[in-house]
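Below is one structure, written out as structure tokens; comments come after it.
Numbering (our numbering), first residue to last: 431 to 834.
As structure tokens, this is what we get:
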């Protein structure tokens, strides 16, 4: 069954570009490519013609999709325009609403009434909890699990789809410099398989309201169908097993054994999918006398092959990795994982350089001052490489430090 999602009141800039009379400002709008943030151009909740228009759209949708559920979005609606709109403010006053959050609740409840009259169930993202939840609405909990827990305790059905486990537009590895461009985040196959949709803190009766889980693939940064396949697979298989298996029946080792044959099937059908690169190669590695490089295969199947002559590894020009590689001179290693069906992972590479240690500095005690110099930087990091992108805030000297 296909569950259609007709976004409202936000994520509608393309609709308002065609029908500006349903916006608060009623002015022509562009439709820029890619994502738009913040989402301030939303339907005018004070204009009755907005609801007539949306009911006409939904009437056509209901004829096309027999699904009992109709998704109306309800997420990420920045209410700047509503605060400045005389019609929206009049609606708040006439309906005795507290604020713009309750105005969104009014909006959702009005749409839900229409859907219920046509024997359909409204689904919305967890923002529909703000200002009061519509009587029969089902909630998709994406901003973590708290929204889903709250809705279940109110006897509403819930689909759990938190970003940190279920967003397949997130990176699948920390190799952001060699992976296809993504919105950010990090959710690998292991993390997806480890997910449990039913929160422990729910009672047995409350847990009955958890309908299941859902994976999301938002495509603002995906220009081809092959890229979408790469982001969805094989994470989709892990979430599928999470959905249909009791927690006690899940077994990651067995899953990985079966995944091998599923990936062969995907290759046979010419469907793209992600295969992780070998672990263990770190850009900018240095050594003094000699060192060893130990590569790791995240999957229990597949074969690591590597080159040291500048060529990209392929079955005909590379060495099969069988154990740690001893390095005693400068070298450029490129490595990838190959499956028996010929599918290759992205290539991980590293320059490993021999360097002499710096000579120790001789400093007179009279030149020393008490304390420890520090610099404070802010920002988000996923790998050590990201430290260089942090924003400098201040520096100083402290007399002592304490590690928790």
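Glycine residues also receive a C-beta, built at the ideal position from the N, C-alpha and C atoms.
Measuring only the C-alpha atoms, how far is residue 774 from residue 603? Position 344 of the chain shown holds residue 774. Position 173 of the chain shown holds residue 603. The straight-line gap from Cα to Cα measures roughly 15 Å.
What is the DSSP secondary structure of residue 537, counted as helix, strand or coil? By 1-based counting over the chain shown, the position of residue 537 is 107. Correct three-state label for residue 537: helix.
Tell me the rounded alpha-carbon separation between residue 462 and residue 652. For the purposes of this step, residue 462 is identified with residue 32 of the chain shown, where counting begins at 1. For the purposes of this step, residue 652 is identified with residue 222 of the chain shown, where counting begins at 1. Those two C-alpha atoms are separated by around 16 Å.
Tell me the DSSP bridge mates of residue 552? Here residue 552 refers to the residue found at position 122 when the chain shown is read from its first residue. Paired residues: 500.
Once you ignore the five residues that flank residue 598 on each side, which residues in its own chain have a CB closer than 6 Å to its CB? The residue you call residue 598 lines up with position 168 of the chain shown. Contacts found: 645, 647, 661, 662 and 665.
Alpha-carbon spacing of residue 553 relative to residue 592, whole angstroms: In the chain shown, residue 553 corresponds to position 123, counting from 1. In the chain shown, residue 592 corresponds to position 162, counting from 1. For residue 553 and residue 592, the distance between alpha carbons rounds to 16 Å.
Ordered along the chain, which non-local residues of its own chain (more than five positions away) have a Cβ less than 7 Å from that of residue 748? Working through the chain shown from its first residue, we reach residue 748 at position 318. Only 735, 736 and 737 meet the Cβ criterion.
Applying the criterion that 16 or more other CB atoms from any shown protein chain within 10 Å of the CB defines a buried residue, is residue 488 buried or exposed? Taking the first residue of the chain shown as 1, we reach residue 488 at position 58. When all chains shown are included, residue 488 counts as buried.
Could you have a look at residue 601 and say whether DSSP puts it in helix, strand or coil? Walking along the chain shown from the start, residue 601 turns up at place 171. Strand at residue 601.
Quick one: which unbroken beta strand (DSSP E) runs of 3-plus residues sit fully inside the stretch 594–650? Chain order, please. 640–643
Closest residue to residue 631 among 580, 743 and 659 (Cα-Cα distance): For this step, residue 631 is matched to residue 201 along the chain shown. Checked all of 580, 743 and 659; the closest Cα to residue 631 is 580.
For residue 725 and residue 782, I'd like the C-alpha separation in whole angstroms. Looking up residue 725 in the chain shown gives position 295. Looking up residue 782 in the chain shown gives position 352. Distance between the alpha carbons of residue 725 and residue 782 is about 14 Å.
Using 10 angstroms around the beta-carbon of residue 768, count the other beta-carbons present and answer buried if the total reaches 16, otherwise exposed. Your numbering for residue 768 matches position 338 in the chain shown. Buried is the call here.
Other residues of its chain near residue 466: CB distance less than 8 Å, five sequence neighbours each side excluded: Taking the chain shown and counting its residues from 1, one reaches residue 466 at position 36. Result list for residue 466: 443, in chain order.
Could you check how far apart the C-beta atoms of residue 766 and residue 755 are, in whole angstroms? I think they sit under 8 Å. As a working mapping, residue 766 is identified with position 336 in the chain shown. As a working mapping, residue 755 is identified with position 325 in the chain shown. The pair is not a contact, with the Cβ atoms about 15 Å apart (cut-off 8 Å).
Less than 8 Å between the C-beta atoms of residue 723 and residue 668, yes or no? The residue given as residue 723 occupies position 293 in the chain shown. The residue given as residue 668 occupies position 238 in the chain shown. No, the pair does not count as a contact, with Cβ atoms beyond the cut-off.
Using the Cα positions of residue 455 and residue 659, report the straight-line distance between them to the nearest angstrom. As a position in the chain shown, residue 455 is number 25, starting the count at 1. As a position in the chain shown, residue 659 is number 229, starting the count at 1. Answer to the nearest angstrom: the Cα atoms are 39 Å apart.
Beta-ladder partner(s) of residue 723, from DSSP: Taking the first residue of the chain shown as position 1, residue 723 is located at position 293. Paired residue(s): 755.
Output the distance between the C-alpha atoms of residue 711 and residue 439, rounded to the nearest integer angstrom. As a position in the chain shown, residue 711 is number 281, starting the count at 1. As a position in the chain shown, residue 439 is number 9, starting the count at 1. If I take the Cα positions, the gap works out to 47 Å.
Helix, strand or coil: which one does DSSP assign to residue 684? For this step, residue 684 is matched to residue 254 along the chain shown. Helix at residue 684.
Inter-residue CB distance, residue 583 and residue 636 (contact presumed, cutoff 8 Å): For the purposes of this step, residue 583 is taken as the residue at position 153 of the chain shown. For the purposes of this step, residue 636 is taken as the residue at position 206 of the chain shown. Confirmed, about 6 Å.
Do you know how far the Cα of residue 601 is from the Cα of residue 617? Position 187 of the chain shown, counting from 1, holds the residue named residue 617. Position 171 of the chain shown, counting from 1, holds the residue named residue 601. Distance between the alpha carbons of residue 617 and residue 601 is about 6 Å.
What are the boundary residues of the beta strand (DSSP E) that includes residue 768? Within the chain shown, the letter at position 338 stands for residue 768. Residues 761–768.
Let me check understanding here. Comparing Cα to Cα, which of 625, 505 and 682 lies closest to residue 436? The residue you call residue 436 lines up with position 6 of the chain shown. Measuring from the Cα of residue 436, the nearest candidate turns out to be 505.
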